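Student: Residue numbers (the numbering used here): 97 to 239.
Virtual Cβ for every residue (Gly too), placed ideally from N, Cα, C.
Keep in mind it's a predicted model, so treat the numbers as computed, not measured.
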């Protein structure tokens, strides 16, 4: 009976964790301050914290891109770009054939700042994106 209870708890914990973030996340990091795995973890954490209405569909994914380069001024600051997009798969026929992922909604932050400011701007962009996604009705779509 004990083994069954512990197995049930593991399955329940896995189901709750999966329910918190069911959509696909694709990350690309050209950021020496943050790896792709850390970027994925930050995205998952913000999605769980803020919440969202992103459908669990293979045709929808969240794409997160972060590029950071040291400033040429030599003052320890960084030039950064953070972009978060909701992308949807399209497969259109003639007269305009296209098959690929198109951005539906995006948020970005860019500028120059210290390492702490770069991370704060990433968190700000993620929070803004997921706040917007929480306001979207999955049935009606974007207004």
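When you compare only the Cα positions, how much space is there between residue 182 and residue 212?
Tutor: Numbered from 1 along the chain shown, position 86 holds the residue referred to as residue 182. Numbered from 1 along the chain shown, position 116 holds the residue referred to as residue 212. So the two alpha carbons sit approximately 26 Å from each other.
Student: Quick check on this structure: which residue in 143, 128 and 215 has the alpha carbon closest to the alpha carbon of residue 121?
Tutor: Here residue 121 refers to the residue found at position 25 when the chain shown is read from its first residue. Per the Cα distances, 143.
Student: Quick check: residue 180 and residue 203, are their CB atoms within less than 8 Å of each other?
Tutor: Counting from one through the chain shown, the residue named residue 180 turns up at place 84. Counting from one through the chain shown, the residue named residue 203 turns up at place 107. Result yes, Cβ atoms of residue 180 and residue 203 sit closer than 8 Å.
Student: Apply the 10 Å Cβ neighbour rule to residue 150 and answer buried if 16 or more other Cβ atoms are within range, or exposed otherwise.
Tutor: Taking the chain shown and counting its residues from 1, the one referred to as residue 150 is at position 54. Under this definition residue 150 is a buried residue.
Student: May I have the straight-line CA-CA distance separating residue 230 from residue 147, to the nearest angstrom?
Tutor: Within the chain shown, the letter at position 134 stands for residue 230. Within the chain shown, the letter at position 51 stands for residue 147. Their Cα atoms are separated by approximately 6 Å.
Student: Excluding five sequence neighbours on each side, which residues of the same chain lie with their C-beta closer than 7 Å to the C-beta of residue 225?
Tutor: As a position in the chain shown, residue 225 is number 129, starting the count at 1. 180 and 203, listed in sequence order.
Student: Could you pull the start and end residues of the beta strand (DSSP E) that residue 118 belongs to?
Tutor: Against the chain shown, residue 118 aligns to sequence position 22. That residue, residue 118, is in no beta strand (DSSP E); it is neither H nor E in DSSP.
Student: In terms of residue numbering, what span does the alpha helix (DSSP H) encompassing residue 158 cover?
Tutor: Here the question's residue 158 lines up with position 62 in the chain shown. Per DSSP, residue 158 belongs to no alpha helix (DSSP H); it is in the beta strand (DSSP E), 156 to 166.
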